[in-house]
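A short write-up of the structure that comes next.
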Amino acid sequence: MPHRFVDIVVFRAHRFSLGLEEETGAYFLSMPVSGFNRAAEYEAYFRISADEFERYRGEPDAADDFLETCRNHGNENRRFA
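As structure tokens, then:
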């Protein structure tokens, strides 16, 4: 079944958004990532906890470490398939 991602807040300067996946009710952080050889850019979605959602929503800079880890292919276990 396809995921339905709904953005709640977008932080353009930080290049990520926070929202809710409607089917499961899970919170997510999404960010643009580059494909192979940077030929294409697409949105990647990562599960986050309610606490992370609230922290990043109130202080977007707090997401920097999480974003950097994701960009370096970490947190793959939290990525929506």
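Under the working numbering, the first residue of the sequence shown is numbered -9, with each subsequent residue one higher.
Note that CB positions come from ideal geometry on N, CA and C, so glycine has one too.
Rounded to whole angstroms, the separation of the alpha carbons of Asn65 and Glu42 is 14 Å. Taking C-beta separations shorter than 6 Å and ignoring five residues to either side along the sequence, the partners of Ile38 in its chain run Tyr17, Leu19, following chain order.
By the criterion of a C-beta distance shorter than 8 Å, Ala40 is surrounded in its chain by Tyr17, once the five residues flanking it on both sides are discounted. In this structure, DSSP gives Arg2 a state outside helix and strand, which the three-state scheme calls coil.
Boundaries of the alpha helix (DSSP H) around Phe56: 54 to 61. Arg37 carries a strand assignment under DSSP once its states are collapsed to helix, strand and coil. For Phe18, the enclosing beta strand (DSSP E) begins and ends at 17 to 24.
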